[in-house]
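Counting in our numbering, the sequence shown runs from 851 upward without gaps. Here a beta-carbon is modelled for each residue, glycine too, at the ideal position from N, C-alpha and C. Heads up: the structure comes next, in structure tokens.
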Amino acid sequence: MLDPPRFEQTCGEQEPVELLALNPGEHAFRLDWDPSGQRVLVGVFRVGGPLGTQPDTSDRAIVSVPPCGGESAVVAEGMEYKTAYDGHVLACAVDGDALYRVDPLGERPPVLVLDGTCGVRRTNVGLVAVLPGSGSVGRLVIVRDPDSPVVETLLDGVGVPVNPFFGGDDYQTTPLWADDELAIAMTPAGEVVEVNLVDGSTTVLLEGVLDFRASGGGSKILWQADAPLAGEPQTPVSPLFLYDRETTAGVSIVETHLAWTASPFQSDWVVVRDDSALGRRLFDHAGDELPLPPETFLRGVLGPDRFWLSRQMEETTQELYWEVGSEPRVVVEHVLGHPGKSGDGIKVYIEDDHPAMNEGGLLYGSFDGGGAEVLSERINFHHRLLPDGRLLGIVGEDNNAHGQLRLEDPENGSVLEIDPYGYLHSPSLNAGDPFDGDIVYAVDDPRDGRHALYRARVAR
């Protein structure tokens, strides 16, 4: 028997507040605030059977509701929230082929902003995108005002390459950078071109390019030469170069491919996947490689001189913290674990022989040292570590992705039952702490027909 929760006041109530009543077969999977901060946008999908049967979840909608519940409105059908821009709510068609402006109150129907893609970059002068055309050739366009959307072509004949690792239509890896009043794109002829988004003028930066990635500020470009090519057709290998837009200097760093490198610029480093080295390699912005300690591989960049590494032992895997100039320190060691960065440390989900599917234990090791600790003896793979250090997740998952929703406190060992019929993906609804310390969760209770989204503040 678990301890009952003690609810604190939220929305003027000393108990959970119903945020949104859900219809049968309807499941919430995402929460976002509208730009005004007056409404909460709930992403839902609808299915006709148990989630355990893996039904089609493409029937999606965005529902708008006040932050303390009340009158809700379906503001978009067949769409998911994409982003906010200049006070507007932008939503993407489920197939990814159209971008709409959505009224968060649901008083006006969605307005088409861009037909052909949802892959927009936000700039000071509008929304920039590459619209696909024939084959791998498209055009660079801008929508300057989503209030009165007019699609203006900036450059006709822009490459729309396929990324075999992330999927053929994954726009996030299209070599396009845009910010402020500039864009950088690539032509099918292998030219990397800088485009002025105000007057449409262009400047050729590089030639003979197969693929490129730009840094967040756009000052550095990592590009792959279009010849000579070797290796697999989908991931051809050739020299990679690092180019500085400010100095126009360039340096060759390694021979590999860019196809599986989505975001190479991390902190002060360039991280490149090298298949021949069976891992990722580190280069500084001068093009010099930073050798990793022997028998380790890179998990992540933590700062200018700090890294998360891993080392495979005979029967275990070590997650390591490494500062340049020192020896790597073991943060946590595990068997059959799924590690991930969490705050200032590493969280490892350990596969275990629990009675329900997708259940195991949870370890945590801080980068500051002190050894690993057990956060939970039993938790679902789909869980969330809340900002206050408590864990939200279900156990006993049934065929409809519901089970006992629990709030665990590793600090004092308490385990509270929030609801006996919580929804598996309730933890994901708390991404970004949308209610500043309140938890939000969904339930589906066959005893009394409760099928709703709730908001609650739970005392420690």
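Asked	Found
Are three or more beta carbon pairs between the stretch 913-925 and the stretch 864-871 nearer than 8 Å?	yes
Does the contact criterion of 3 or more C-beta pairs under 8 Å hold for the stretch 1248-1258 versus the stretch 1289-1300?	yes
Taking 7 Å as the threshold (C-beta atoms), are N1280 and R1234 in contact?	yes
Just checking my contact of Q1168 with V1180 at CB under 8 Å: how many whole Å lie between their CB atoms?	5 Å
Once DSSP output is grouped into helix, strand and coil, what is the label at N974?	coil
Looking only at its chain, what residues have a beta carbon closer than 6 Å to the beta carbon of P885, apart from the 5 residues adjacent to it on each side?	A934 and G937
Using only the alpha-carbon positions, how far apart do V961 and E1183 sit?	52 Å
If we ignore side chains and look at the alpha-carbon of each, how far apart do S1117 and D1134 end up?	10 Å
Could you tell me how far apart the beta carbons of F895 and D909 are, in whole angstroms, since I believe they sit closer than 8 Å?	6 Å
Alpha carbon to alpha carbon, how far is R994 from A979? Give it in angstroms, no decimals.	12 Å
Rounded to whole angstroms, what's the CA-CA distance from E1002 to T1098? Just pull it up for me.	30 Å
Below 8 Å on the Cβ atoms is my contact criterion, and I expect S986 with P1025 to pass it. Report the Cβ-Cβ distance as a whole number of Å.	12 Å between Cβ atoms; not a contact.
Assign P1083 to buried or exposed, taking buried as 16 or more other Cβ atoms, counted over all protein chains shown, within 10 Å of its Cβ.	exposed
Measuring alpha carbon to alpha carbon, tell me which residue in S1126, G1150 and V1043 is nearest L1132.	G1150
Would the stretch 1170-1178 count as touching the stretch 1186-1194 if we require 3 or more Cβ pairs under 8 Å?	no
At which residues does the beta strand (DSSP E) containing L1257 begin and terminate?	H1252 to D1259
Tell me Y1171's beta-bridge partners as DSSP assigns them.	W1158 and R1179
What ranges does the alpha helix (DSSP H) occupy inside the stretch 856-914, keeping only unbroken runs of at least 4 residues that lie completely in it?	none
Under the rule that 16 or more other beta-carbon atoms within 10 Å means buried, what is E930, buried or exposed?	buried
Can you list, in chain order, the residues of its chain with a C-beta nearer than 8 Å to that of D1295? Leave out the 5 residues immediately preceding and following it.	D1269, P1270, Y1271 and H1301
Would G1067 be called buried (16 or more neighbouring beta carbons within 10 Å of its own) or exposed?	exposed
At the level of alpha carbons, what is the spacing between P1237 and G966?	39 Å
Going by alpha carbons, who is nearest to G1219 out of I1244, C942 and P1178?	P1178
Short check: CB of L1274 to CB of H1232, under 7 Å?	yes
Taking the straight line between their C-alpha atoms, what separation do you get for L1004 and Q864?	56 Å
Look up E1227 in the DSSP assignment and give the residues it is bridged to.	BP columns for E1227 are empty, so no partner.
Can you look up N1208 in the DSSP assignment and give me helix, strand or coil?	coil
Does the distance from the C-beta atom of L1090 to that of Q1074 stay below 7 Å?	yes
DSSP on S1126, reduced to helix/strand/coil?	helix
Count the other CB atoms within 10 Å of the CB of T1111; is the residue buried (16 or more) or exposed (fewer)?	buried
Using three-state DSSP, classify S986 as helix, strand or coil.	coil
Quick one: what's got a C-beta closer than 8 Å to G1210's C-beta in the same chain, skipping five residues either side?	Y1199, I1200, E1201, D1202, H1204, R1228, I1229 and F1231
Pick from S984, T973 and Y1093: whose alpha carbon is nearest that of G1137?	Y1093
What do you reckon, are the CB atoms on M1036 and G1009 nearer than 7 Å?	yes
For A911 and A926, which I take to be in contact (beta-carbon distance under 8 Å), what is that distance rounded to the nearest angstrom?	6 Å
Name the DSSP beta bridge partners of L1072, please?	R1063 and L1092
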